[in-house]
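Participant: In the numbering used here, the protein residues as written are 5 to 205.
Take a look at this one; I'll ask things after.
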């Protein structure tokens, strides 16, 4: 219950009159508690998530970044706040060409509402080194109106190195088999010739 009273006193401090109101705020307090629990749950999930999680406003400006962002990209959440995320981590192609905001598949979520799933891209750390990521995004909507977006990125650099190592091992295996086949053919040639000569005799 919330109570409010308005009292009126004379100059000598004597009560002249007043009125009061009482309001039942049980449901409001319960809603506040549910919201607090939801925020705590969201914080716990984003804090222990394996991927870098960004939340941006409708213009692509960062409004939230979880702890994994700093580990993966080197930026603290404070360094990213209010800055266009694309300009911080996806500003150019791996070959050095500029990567305009409008050309980025991740940025088509703003206004166009186009989401991406399992999209492989090269982002850049604060120190400029590249990191290959698999990313996805989703629109943040309130009352049917898009207010921003959520972007999640997972580092797959190790996976890409492993794939490259497997391709290199496969290439070397093919080279070895080709060399082996060639070497096995050469010793057999004189033997075949000798057999042919013996047949003639």
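Glycine included, each C-beta is placed from N, C-alpha and C at the ideal position.
Please state whether DSSP places residue 10 in a helix, a strand or coil.
Facilitator: Under the three-state reduction of DSSP, residue 10 is assigned to strand.
Participant: Alpha carbon to alpha carbon, what distance is there between residue 133 and residue 99?
Facilitator: Taking the straight line from one Cα to the other gives about 12 angstroms.
Participant: Cutting at 6 angstroms between CB atoms, please list the residues of its own chain near residue 116, excluding the five before and the five after it.
Facilitator: none
Participant: Taking the C-alpha atoms as reference points, what is the distance between residue 122 and residue 145?
Facilitator: The alpha-carbon atoms of residue 122 and residue 145 are separated by roughly 22 angstroms.
Participant: Any chance the region 148 to 168 sits against the region 56 to 68, with 3 or more Cβ pairs inside 8 angstroms?
Facilitator: yes
Participant: Thinking C-beta only, is residue 130 closer than 8 angstroms to residue 68?
Facilitator: no
Participant: List the endpoints of the continuous beta strand (DSSP E) containing residue 116.
Facilitator: Taken as a continuous stretch (DSSP letters only), residue 116 belongs to no beta strand (DSSP E), as it is neither H nor E.
Participant: Taking only three categories from DSSP, how would you classify residue 162?
Facilitator: helix
Participant: Just to confirm, are residue 64 and residue 139 a CB contact at a threshold of 8 angstroms?
Facilitator: no
Participant: Buried or exposed, going by whether 16 or more other CB atoms sit within 10 Å of the CB of residue 159?
Facilitator: buried
Participant: When DSSP labels each residue in this structure, what does residue 95 get in the three-state scheme?
Facilitator: coil
Participant: In whole angstroms, give me the CA-to-CA distance for residue 85 and residue 92.
Facilitator: 11 angstroms
Participant: Helix, strand or coil: which one does DSSP assign to residue 120?
Facilitator: coil
Participant: Which residues bound the beta strand (DSSP E) around residue 88?
Facilitator: Neither: residue 88 is in no beta strand (DSSP E) and is coded neither H nor E.
Participant: Taking all protein chains shown into account, do 16 or more other C-beta atoms lie within 10 angstroms of the C-beta of residue 26, making it buried, or fewer, making it exposed?
Facilitator: It is exposed - the Cβ of residue 26 has fewer than 16 other Cβ atoms within 10 Å.
Participant: Can you name the start and end residues of the alpha helix (DSSP H) that residue 77 belongs to?
Facilitator: 71 to 77
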